[in-house]
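Keeping their order, the protein sequence lines are chains A and B. The first sequence: position 74 = 74 (UniProt numbering), numbered continuously. The second sequence: position 70 = 70 (UniProt numbering), numbered continuously. Think of the CB as a built atom: it goes at the ideal place given N, C-alpha and C, for glycine as much as any other residue. So the structure is just underneath, and the comments pick up after that.
2 protein chains.
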Amino acid sequence: MDTRLDLVFAALADPTRRAILTMLLEDDMAVTDVAEPFEMSLAAVSKHLAILTRAGLISQEKRGRVKWCKLEPDALKDASVWMQAFGQFEELDLDAFERFLDAELGQEPAR
Amino acid sequence: MDTRLDLVFAALADPTRRAILTMLLEDDMAVTDVAEPFEMSLAAVSKHLAILTRAGLISQEKRGRVKWCKLEPDALKDASVWMQAFGQFEELDLDAFERFLDAELGQEPAR
DNA sequence: GCAATCGTCAACCGATCGGTTGAATATGGG
DNA sequence: CCCATATTCAACCGATCGGTTGACGATTGC
Numbered sequence: 001m002d003t004r005l006d007l008v009f010a011a012l013a014d015p016t017r018r019a020i021l022t023m024l025l026e027d028d029m030a031v032t033d034v035a036e037p038f039e040m041s042l043a044a045v046s047k048h049l050a051i052l053t054r055a056g057l058i059s060q061e062k063r064g065r066v067k068w069c070k071l072e073p074d075a076l077k078d079a080s081v082w083m084q085a086f087g088q089f090e091e092l093d094l095d096a097f098e099r100f101l102d103a104e105l106g107q108e109p110a111r
Numbered sequence: 001m002d003t004r005l006d007l008v009f010a011a012l013a014d015p016t017r018r019a020i021l022t023m024l025l026e027d028d029m030a031v032t033d034v035a036e037p038f039e040m041s042l043a044a045v046s047k048h049l050a051i052l053t054r055a056g057l058i059s060q061e062k063r064g065r066v067k068w069c070k071l072e073p074d075a076l077k078d079a080s081v082w083m084q085a086f087g088q089f090e091e092l093d094l095d096a097f098e099r100f101l102d103a104e105l106g107q108e109p110a111r
């Protein structure tokens, strides 16, 4: 029924995948470059990227022999909208947001 | 590391659990009453509630022989804050939100 | 005190998950 | 043309998931 929301939240539930999304915030990346910081096989990262793609959180476009990964932030909108129902987040907590950014971007995404 | 975020997103990835959260928006409920609309055993719903509790999304308090379930919207705040990094949702899409509420509250949460 | 109610526990099931390895498939460069 | 690079596929693995059933422990009402 609302399978889309299932896929988005399930995709976000894994720290490797959230780290990948954070990396893609900076720029589009090739699969090999996405995989580089992680202590797992390329095939494993490729699977993670497939899950993110199925959820609509990223898109992948093959140019030549390299496949470029691009963040698709719109897919988060449904999930974000859903969450608004519960927390009265209209007043976005900017302090918490800033602390989050410092923490998130300051750490390497290895697992 | 950031296990809390893992637990919250994983908990949200299941439609039954999201339906439970929606029900608890209206009021605190006993486990048996939470389970009533679902076509699954009480034990299954009890497990879902345990998962929501571990994620901090609800709390459970036993009064007498009935255990009351209460929404804990603060747990969504971390997840919501995390998501802000990606979509520029500062301008919350109120139309989409309203459409969501109509759809969500208009449907029965059976699965 | 006893039966009914509320809820969890434990064991089990098939399916999915996150990872591995090794082979296969493009594509590009010299 | 050939080799290296980029990525996926396929098979496998143990762990977890979402569900069931049946037994069990608390609590309540009469």
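**Prompt:** Does the distance from the CB of T15/A to the CB of D6/B come in under 8 Å?
**Reply:** Sequence inspection shows Pro at residue 15/A; the Thr mentioned does not correspond to that position. For P15/A and D6/B, yes; Cβs fall inside 8 Å.
**Asked** Short check: CB of L42/B to CB of C69/B, under 8 Å?
**Response** no
**Message:** Assuming the contact rule is C-beta atoms closer than 8 Å, A11/A and L71/A should be a hit. Round their C-beta distance to whole Å, please.
**Reply:** Not confirmed; about 13 Å, so no contact.
**Message:** Suppose you measure from the CA of V23/A to the CA of D28/B; what does that come to, to the nearest Å?
**Reply:** A quick correction: the sequence has Met, not Val, at residue 23/A. Cα to Cα, the separation comes out at about 40 Å.
**Asked** Assuming M83/B and L76/A make a contact with CB atoms under 8 Å, what is their CB distance in whole Å?
**Response** 5 Å
**Asked** So which residues of chain B does F9/A contact, with C-beta pairs closer than 7 Å?
**Response** F9, L12, A13
**Prompt:** By a C-beta neighbour count over all protein chains shown, 10 Å radius and 16 as the cutoff for buried, is residue 180/A buried or exposed?
**Reply:** No statement about residue 180/A is possible, as the shown extent of chain A runs from 1 to 111 and does not include it.
**Coil, strand or helix - M23/B by DSSP** = helix
**Item:** Interface flag, S80/A vs chain B, CB-CB below 8 Å
**Value:** yes
**Prompt:** The alpha helix (DSSP H) with S46/B in it runs from where to where?
**Reply:** 42-54
**In DSSP terms, what V66/A is bridged to** = R63/A
**Message:** Relative to the C-alpha of F9/B, which candidate in D33/B, G56/B, Q60/B has its C-alpha closest?
**Reply:** G56/B
**Request:** Determine the chain B residues that contact D6/A at a beta-carbon separation under 8 Å, and present them in chain order.
**Result:** A13, D14, P15
**Message:** Assuming contact is defined by CB atoms lying nearer than 8 Å, are V66/A and A13/A in contact in what I supplied?
**Reply:** no
**Asked** Taking the C-alpha atoms as reference points, what is the distance between Q60/A and D78/A?
**Response** 21 Å
**Prompt:** A19/A: buried (16+ other C-beta within 10 angstroms of its C-beta) or exposed?
**Reply:** buried
**Item:** Residues sharing a beta bridge with M83/B, DSSP
**Value:** In the DSSP output, where bridge partners are listed per residue, M83/B has none listed.
**Prompt:** Hey, quick one: how far does the alpha helix (DSSP H) through F9/A stretch, first residue to last?
**Reply:** 3-12
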